[in-house]
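Here the working numbering is used: position 35 in the sequence shown is 957, and no number is missing along the way. All C-beta atoms, glycine included, are put in the ideal place defined by N, C-alpha and C. Note sheet for the following structure.
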Amino acid sequence: MEKLGPAYQIQTQRLVLRCWNPADAPLLKSAVEESLDHLRPWMPWAHEEPQPLQQKVNLLRQFRSQFDRSEDFPYGVFSLDERSVLGGGALHQIDEDAFAIGYWIHVEHIGQGLATEVAAALTKIAFEIEQVDRVEIHCDPKNIRSAAVPKKLEFIHEATLRRRVEDHQHQKQDRMLWSMFSETYPKSPAAQMQIKAFDAIGQRLL
């Protein structure tokens, strides 16, 4: 089946997920810096923060380029009016038939189910627009909040891989691997989620 995407913008009940633009750099910089204490235990990139604004602009230009070339799909997570960055999400291509989902949420908005909402929307995009066979979520076993997300969405915990990922100090850490396949997706909570998705010129995909 021909792929419909990529989806440049996704609307959920509470959020807008869309391709980053360089003009979003000030909002992203503020959101990351306000959340550093929350992010650093789990996100190695957070140890490279804070970054100058121009570095953020360059990063978002890179994200946009990757998105346009269908190499990687980093999304900004915004409030419905798009005036605030509430976090970030991504579909990272593992191979031609599988994606891994990543997500982070602004510290002031944790505990509200937003990470689950982001992951559910991206799961739906992966299966219904990108037409993949498998979606994975990887997380640190110690990150209880993050591990709760795939569990709520009925991903299967395949394994906890020992000493597989380097942290910012180059120490090997364990990694949980959760997966969902196309045949089980239709009965999952993600499949029941109502979203709107649009392509690069604003045409409706879902």
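Taking only the alpha-carbon atoms, compute the straight-line gap between residue i and residue j and give it to the nearest angstrom.
i        : j        : result
Asp-1089 : Gln-1095 : 7 Å
Phe-1077 : Ser-1101 : 5 Å
Asp-990  : Trp-942  : 11 Å
Tyr-997  : Gln-984  : 12 Å
Ala-1070 : Gln-1034 : 13 Å
Gly-1124 : Ile-1117 : 14 Å
Ser-987  : Gln-1114 : 32 Å
Leu-1128 : Ala-1119 : 5 Å
Asp-1121 : Arg-940  : 10 Å
Arg-936  : Asn-980  : 29 Å
Asp-1055 : Phe-1103 : 6 Å
Leu-1075 : Ser-1110 : 6 Å
Val-1057 : Ala-1037 : 16 Å
His-1092 : Ser-1001 : 35 Å
Pro-1072 : Pro-1108 : 15 Å
Can you check which of these residues, the options, is closest to residue i by C-alpha distance?
i        : options                                : result
Glu-1018 : Ile-1078, Arg-1097, Asp-994, Val-979   : Asp-994
Ala-929  : Ala-1113, Gln-1091, Leu-1044           : Leu-1044
Glu-1080 : Ile-1059, Asn-1065, His-1092           : Ile-1059
His-1014 : Arg-1005, Ser-992, Glu-1004, Leu-1002  : Ser-992
Arg-1067 : Pro-963, Asp-946, Thr-934              : Pro-963
Asp-959  : Glu-1030, Ser-1006, Leu-949            : Glu-1030
Thr-1082 : Ala-1037, Met-1098, His-969            : Met-1098
Phe-1021 : Val-1007, Ala-1048, Gly-1011, Ser-1006 : Ala-1048
Arg-1084 : Pro-1072, Pro-1063, Ser-1104           : Pro-1063
Lys-1046 : Thr-1106, Gln-1091, His-969            : Thr-1106
Is the beta carbon of residue j closer than 7 Å to that of residue i?
i        : j        : result
Lys-925  : Gln-1053 : yes
Ala-1042 : Ala-953  : no
Gly-927  : Ile-1051 : yes
Glu-1004 : Val-938  : yes
Leu-982  : Pro-944  : yes
Pro-972  : Glu-955  : yes
Lys-978  : Ala-947  : yes
Leu-1186 : Val-1007 : Summary: the structure shown does not reach residue 1186, with the chain confined to residues 923 through 1128, and so no result is reported for it.
Could you pull out every residue in the same chain whose Cβ sits closer than 6 Å to the Cβ of residue i, ignoring the five residues on either side in sequence?
i        : result
Gly-1009 : Val-999, Trp-1026, Ile-1027, His-1028
Ile-1023 : Ala-1041, Leu-1044, Ile-1059
Thr-934  : Glu-1039, Ala-1043, Ile-1117
Ile-1016 : Ala-1022
Asn-1065 : Trp-964
Gln-931  : Arg-940, Phe-1120
Going along the chain, which residues of its own chain have a beta-carbon closer than 7 Å to the beta-carbon of residue i, five neighbours each way excluded?
i        : result
His-969  : Arg-962, His-1090
Cys-1140 : One cannot answer for residue 1140 here, as it falls past the ends of the chain, which runs 923 to 1128.
For residue i, which residues from the same chain have a beta carbon less than 8 Å from its beta carbon, with the 5 sequence-adjacent residues on both sides left out?
i        : result
Arg-1126 : Lys-1118, Ala-1119, Phe-1120
Pro-966  : Glu-1088, Asp-1089, His-1090
Exercise for review: With a floor of 4 residues, list each alpha helix (DSSP H) that falls wholly inside the region 946-984, ordered by position along the chain.
Suggested key: Whole alpha helix (DSSP H) segments, 4+ residues: 947-956, 958-961.
Exercise for review: At 4 residues or longer, and completely inside the region 1017-1083: list those alpha helix (DSSP H) runs for me, N to C.
Suggested key: Secondary structure within the region 1017-1083: the alpha helix (DSSP H) runs of 4 or more consecutive residues, fully enclosed, are 1036-1050, 1066-1074 (chain order).
Check your understanding: Can you list, in chain order, the stretches of the alpha helix (DSSP H) that have 4 or more residues and sit fully within the region 1092-1117?
Key -> The DSSP assignment places 1111-1114 as complete runs of the alpha helix (DSSP H) inside the region 1092-1117, in order along the chain (cut-off: 4 residues).
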